[in-house]
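Asker: In terms of numbering that gives the first Met the number 0, the sequence shown has 92 at position 93, counting the first letter as 1, and numbering is strictly consecutive.
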Amino acid sequence: MSITILGIESSCDDTSAAIIRDGYLLSNVIANQDVHKAYGGVVPELASRAHQQNIIPVVDRAINLAGISRTEIDAIAFTRGPGLMGSLLVGTSFAKGLSLSLNIPLIEVNHLQGHILANFVLEKDAANRVPQFPFLCLLVSGGHSQLVLVRDYFDMEIVGQTIDDAAGEAFDKCAKIMGLPYPGGPVINRLANEGNSSAFSFAKPRIDGYNYSFSGLKTSFLYFLRDQLKENPDFITEHQKDLCASLQKTIVDILLLKLVKAAKDFNVKEIAIAGGVAANSGLRDGITAEGAKRKWNIFLPAFKFTTDNAAMIAITGYYKYQRNEFSSQDIVPLARIS
Ligand code: KG4
Ligand code: ZN
């Protein structure tokens, strides 16, 4: 019997809906919210309003693109959290209403588990390599930086995480310091591709275990630029590409150091990445190079499955459906999940 899942993602500033049938992606529609660009970051109130406007057309389009009818959907998976409360409420309420009207089950999904399980989305006419358990996943997004030991679909252990800023936040905050638009990660990535990554060096944290820290780097970057600008007011524009390349290299080095340590200590050679920062070409190249050196089996999800998307929510729902893990109608979103 085939299983068809509608996934809905609305945790931050992307409204997304996807259809997965038997693990294969039939559609994945994402509406980005440009409204935040003018503010240099996501404005929660504006995000929830935009979700309200987008949710019906996005879900409708996902169903149409999948070429199925609503009655073929077996369950609705939605992001319960973590994320912005006003944004989560839109997706959660919509999922509840639709599940009532179609009389099909609801499945809550943890956004972070979704990012990791994005590595299991299958596509027609694609190679479809998926990691074997146990694997180590570097989960790096705008809100989180974690090293997760994944023993099974829902048996995940966070072995290390950031003690302050997330990697994506470091990209975004440093971009803001340079006067670059939000979100800064992809902009820095683009400029870094044409810069010299050894032009400048910035502080790297010294912390034990598998934890990360990025706030020192941000401060070191800020003070370095402040000093340079005193001498030369055009310093940033004149050195933009080299600054981006050097900053990106520093962030990637920090991420790889703990990944390599954890892979050695846990004796794991299956290595995956997930989250928005997993789209970064410097990180992808860095992991590819380490992987070749250390004989890792690496898994780099397609770009469309790294930043927020509903395919990752639908695939997580698909695995929960097979375990009969359903949610009740009185479920509420959670901004934070421990
Ligand atoms: O996973 P995501 O879409 O949303 C969260 O759950 O946070 O991640 C968004 C983050 C932002 O900080 C954004 O700047 C970063 O991912 N990002 C990148 C790139 N693409 C997105 N960072 C570096 N390089 C990229 N190419
Ligand atoms: Zn995310």
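Virtual Cβ for every residue (Gly too), placed ideally from N, Cα, C.
Using CA coordinates, which residue listed in His238, Ile29, Asn231 and Arg150 is at the minimum distance from Ile270?
Answerer: Of the listed residues, the one whose Cα sits closest to Ile270 is Arg150.
Asker: Go to Cys136, then tell me how far its beta strand (DSSP E) extends in each direction, as first and last residue.
Answerer: Where Cys136 is concerned, the enclosing beta strand (DSSP E) stretches over Phe134 to Val139.
Asker: For Leu179, which residues from the same chain have a beta carbon less than 6 Å from its beta carbon, with the 5 sequence-adjacent residues on both sides left out?
Answerer: So the list reads Val186, once near-sequence residues are dropped.
Asker: Quick one: what does DSSP say Ser47 is sitting in, helix, strand or coil?
Answerer: Correct three-state label for Ser47: helix.
Asker: DSSP three-state label for Thr306, please.
Answerer: Three-state DSSP puts Thr306 in coil, outside helix and strand.
Asker: Applying the 10 Å Cβ sphere with the 16-neighbour rule, what's the burial state of Asn132?
Answerer: Looking at the sequence itself, residue 132 is Phe, so the reference to Asn does not match. With fewer than 16 other Cβ atoms within 10 Å, it is exposed.
Asker: Quick check: does the Cβ of Ser26 come within less than 6 Å of any heavy atom belonging to ligand 1?
Answerer: The answer is no for Ser26.
Asker: If you draw a straight line from the C-alpha of Ile19 to the C-alpha of Glu71, how long is it?
Answerer: Roughly 11 Å between the two C-alpha positions.
Asker: Would you call Asp12 buried or exposed, if buried means 16 or more other Cβ atoms sit within 10 Å of its Cβ?
Answerer: Buried: at least 16 other Cβ atoms inside 10 Å.
Asker: Secondary structure at Ala126, three-state DSSP: helix, strand or coil?
Answerer: Coil at Ala126, not helix or strand.
Asker: Can you pull every residue whose C-beta falls closer than 5 Å to some heavy atom of ligand 2, listed in chain order?
Answerer: In chain order, the hits are Ser140 and Asp307.
Asker: Apart from the five residues just before and just after Val108, which ones in its own chain have a Cβ nearer than 7 Å to its Cβ?
Answerer: Counting only Cβ-Cβ distances below 7 Å, and skipping sequence neighbours, we find Ala76, Phe77, Thr78, Arg79, Ile312, Thr315 and Gly316.
Asker: Using beta-carbon positions only, say whether Ser140 and Gly275 come within less than 7 Å of one another.
Answerer: Closer than 7 Å, so yes.
Asker: May I ask you to list the residues that DSSP assigns as paired with Thr3?
Answerer: Per DSSP, Arg20.
Asker: Buried or exposed: where does Leu282 fall if 16 or more other Cβ atoms within 10 Å of its Cβ makes it buried?
Answerer: Burial call: buried.
Asker: Do Lys172 and Lys217 have their beta-carbon atoms positioned less than 7 Å apart in this structure?
Answerer: Yes. Within cutoff.
Asker: So, at 7 Å on beta carbons, what are the nonlocal neighbours of Lys342 in its own chain, with the 5 sequence-adjacent residues on each side left out?
Answerer: Lying before the first or after the last residue shown, residue 342 is absent from the chain, which here runs from 0 to 337.
Asker: Quick one: grab the DSSP three-state call for Asn195.
Answerer: Coil.
Asker: So the alpha helix (DSSP H) Leu216 belongs to, where does it begin and stop?
Answerer: Looking at the DSSP string, the run of the alpha helix (DSSP H) that includes Leu216 is Ser214 to Glu230.
Asker: In terms of residue numbering, what span does the beta strand (DSSP E) encompassing Leu352 cover?
Answerer: Here the chain has residues from 0 to 337 only, and residue 352 is not among them.
Asker: So with Cβ pairs under 7 Å, would you call Asn323 a contact of chain C?
Answerer: Chain labels in this structure do not include chain C; a single protein chain is all it has.
Asker: According to DSSP, is Asn74 helix, strand or coil?
Answerer: Correcting the residue identity first, residue 74 is Ala in this sequence and not Asn. Strand.
Asker: Since Gln239 and Leu190 should fall inside the 8 Å C-beta cutoff, what is the C-beta to C-beta distance between them, to a whole number of angstroms?
Answerer: Going by Cβ atoms, the distance from Gln239 to Leu190 rounds to 6 Å, so yes, they are a contact pair.
Asker: In three-state terms, what does DSSP make of Met155?
Answerer: The answer is strand: DSSP assigns Met155 an E or B state.
Asker: Is there at least one non-hydrogen atom of ligand 1 closer than 6 Å to the beta-carbon of Gly184?
Answerer: Yes.
Asker: Around the Cβ of Gly66, are there at least 16 other Cβ atoms within 10 angstroms (buried) or fewer (exposed)?
Answerer: With fewer than 16 Cβ atoms within 10 Å of its Cβ, Gly66 is classed as exposed.
Asker: To the nearest angstrom, how far is it from the Cα of Ser47 to the Cα of Lys292?
Answerer: Rounded to the nearest angstrom, the two C-alpha atoms are 45 Å apart.
Asker: Name the residue from Gly22, Tyr23, Asp21 and Ala94 whose alpha carbon lies nearest to the alpha carbon of Ile54.
Answerer: Among Gly22, Tyr23, Asp21 and Ala94, the Cα nearest to that of Ile54 is on Ala94.
Asker: Below 6 Å, is the gap between the Cβ of Val251 and the nearest heavy atom of ligand 1?
Answerer: Flag unset: Cβ of Val251 not near ligand 1.
Asker: Determine the direct distance from the alpha carbon of Leu121 to that of Ser212, and round the result to whole angstroms.
Answerer: Straight-line Cα distance between these residues: approximately 34 Å.
Asker: If contact is defined by three or more beta carbon pairs under 8 Å, each pair taking one atom from either stretch, is the region 99-119 in contact with the region 299-310?
Answerer: The region 299-310 is in contact with the region 99-119.
Asker: Helix, strand or coil for Phe93? Go by DSSP, reduced to three states.
Answerer: In the structure shown, Phe93 sits in a helix (DSSP, three-state: H, G or I).
Asker: Taking the Cβ atom as the reference point for each residue, do Phe234 and Ser219 lie within a distance shorter than 7 Å?
Answerer: Contact flag unset, no.
Asker: Measuring only the C-alpha atoms, how far is Gly22 from Val251?
Answerer: Those two C-alpha atoms are separated by around 31 Å.
Asker: State the DSSP-derived secondary structure class of Phe234, mapped to helix, strand or coil.
Answerer: If DSSP states are grouped into helix, strand and coil, Phe234 belongs with the helices.
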